[in-house]
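First residue of the sequence shown? That's 2 in this note's numbering, and the numbers climb one at a time after it.
By construction, the Cβ of each residue, glycine as well, lies at the ideal position given by its N, Cα and C atoms.
Being a predicted model, the structure only gives us computed values, none of them experimental.
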Amino acid sequence: MSEHIRLDPVPVAIAAIAAGRPVVVVDDADRENEGDLIYAAALATDEVTAFTVRHTSGVICAPLPAGLADRLALPPMTTVNEDPKGTAYTVSVDAAAGVTTGISAADRTRTLRLLADPGAAPGDLTRPGHVFPLRAVPGGVRARRGHTEAGVELCRLAGVAPVAAIAELVHDDGTMMRLPALREFSDEHGLVLISIEDLVAHLEETTPALTAVPAEATLPTRHGLFRVSVHVDAETGAEHLLLVAGETDSERPLTVRVHSECLTGDVLGSLRCDCGPQLEDALARAAAEGGAVLYLRGHEGRGIGLANKIRAYRLQEEGMDTVEANLALGLPAEARDWAGAAAVLTAAGHRRIRLVTNNPAKVAGLRAAGIDVVERVPAPTPVTEHNVVYLRTKRDRMAHALADRVLEPPTATGGPATPADDPTTDPTHPTHQEDTP
């Protein structure tokens, strides 16, 4: 953030939010470098909403926790999010009662306050509408440095319902305001101006992402000897495990598999997914070559939980794919955040890594949370008759890096492995070698 532009203290912004006043929040210079007007939806007034419409693009969004979006039956606006910043729009809404067309300041104020009402139910809203809810990632602004998460964090810190109203500040000609203009605007209207960078720093000082490591030991496994430590997520209470094999060198990036908990695949040997084999490969690779496996608890079913995952399995048995099943349950196709993983790696001193994954969203999520992913290392993808549709869906609908592999199940006689079974056929795999004449 510029050394020449004065920013205000974060606690002053929190106090303003608690008093029902809007604040101006600017994001990082290497992101959008734009400012949003943010206020608490629970304390919205017609006057503040009218002021917001007058000085912004006029599009008012309502950041809220993902769990609240699910409870209010607000599914994603689209099944595949192509927004370069990952802004998670849901269907737009209006209050079902007490509004006219839905577009006036008074109507949008009513809708905002309804979204923040703990007693609100899905039937209290009509879809589509004139307010645009946004799903905040579970890890908050430390996981994604966006205005969506900043709005929810500020409301939470102010002690009001964690639903915000946000809109992008613009000049009279419609161009976006940058930092110097944001300072001028804030001073002219007596508003507090803070940065997301300072908000993250405030959270790190006052609410650390992890509690102290409560347990460390050596762990002999069939793959080799690991040093294991437990890291407790201060927000969710999830106990993440970091297993490290061999000697680590701070000058060289550590090869790491960040593995989401999967009881059915990791423990029960389910053939519906590729989780179990990928975990086994990661442990064997780390033991043989030196590296780490970070086992993330609370990520069951890409973050929707075990019971919902089993419900989704049932829908898949009826012909839906894994994305369609989640959406049919009113859940996102992908509900994981990577802030916990980034916090563990940072606490352990591993901020430069080679990441073993086929999932570009995991790479992007860790980078957004401050981890320097210098290389993506492909993970093996064994194909069975039970998971081939699942893998194709991950490739075709979730952009997993499997596009150069022929995803066909092995023959009944156990015929030759497909390219997806054998990672060395992937030209990007470190063990791949081209045949030369």
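Check	Outcome
Cα-Cα separation between Val324 and Asp338, rounded to whole angstroms	17 Å
Host alpha helix (DSSP H) of Tyr391 (start-end)	389-398
Between the CA atoms of Ser230 and Pro163 - distance to the nearest angstrom	33 Å
Closest residue to Leu183 among Ala349, Val26, Arg146 (Cα-Cα distance)	Val26
Own chain residues within Cβ distance below 8 Å of Val345, not counting five before or after	Leu211, His232, His241, Leu243, Leu295
Exposure label - His267; buried when at least 16 CB within 10 Å	Looking at the sequence itself, residue 267 is Asp, so the reference to His does not match. By the neighbour-count rule (16 or more Cβ atoms within 10 Å), Asp267 is buried.
Assigned exposure category for Val142 - 16 Cβ within 10 Å defines buried	buried
Among Glu150, Ala348, Leu116, nearest to Leu73 - alpha-carbon criterion	Leu116
Per-residue burial, Leu180 [other beta carbons within 10 Å of its own, 16 or more giving buried]	buried
Close-in-space but distant-in-sequence residues of the same chain around Ala370 (CB under 6 Å, 5 per side omitted)	Ala144, Trp339, Ala340, Ala343
Neighbourhood of Met321 by C-beta, 7 Å cutoff - its chain only, sequence neighbours within 5 removed	Ala329
DSSP three-state assignment for Glu252, whether helix, strand or coil	coil
Per-residue DSSP class, three states only, for Gly141	helix
Identity of the residues DSSP links to Glu318 by a beta bridge	Bridge partners of Glu318: none, in fact.
Beta-carbon proximity of Ala484 to Pro139, cut-off 9 Å	Because the chain in this structure spans residues 2 to 438, residue 484 falls outside the shown range and cannot be described.
Inter-stretch contact at 8 Å, needing at least 3 Cβ pairs: the segment 305-322 / the segment 360-369	no
DSSP three-state assignment for Leu328, whether helix, strand or coil	helix
Span of the beta strand (DSSP E), counted from its first residue to its last, around Asp95	94-96
Sufficient close CB pairs (3 or more, under 8 Å) joining the segment 251-262 to the segment 188-195	no
Alpha-carbon to alpha-carbon, Glu185 and Pro10	17 Å
Three-state class that DSSP yields for Gly341 in the structure shown	helix
Reduced DSSP secondary structure (H/G/I, E/B, other) of Pro134	strand
C-beta atoms of Glu35 and Leu170 nearer than 9 Å	yes
Nearest candidate by alpha-carbon position, reference Gly175, set Glu248, Ile197, Arg55	Arg55
9 Å Cβ cutoff met for Asn309 and Leu332	yes
Selected residue, minimal CA-CA separation from Ala137, among Pro123, Glu154, Val60	Glu154
Spatial distance of Ala17 from Cys62 (CA atoms)	19 Å
Touch test, the segment 377-390 against the segment 287-304, Cβ-Cβ under 8 Å, three pairs minimum	no
Short Cβ contact (9 Å threshold) for Thr91 with Gly103	no
Cα-Cα separation between Thr237 and Arg303, rounded to whole angstroms	16 Å
Assigned exposure category for His5 - 16 Cβ within 10 Å defines buried	exposed
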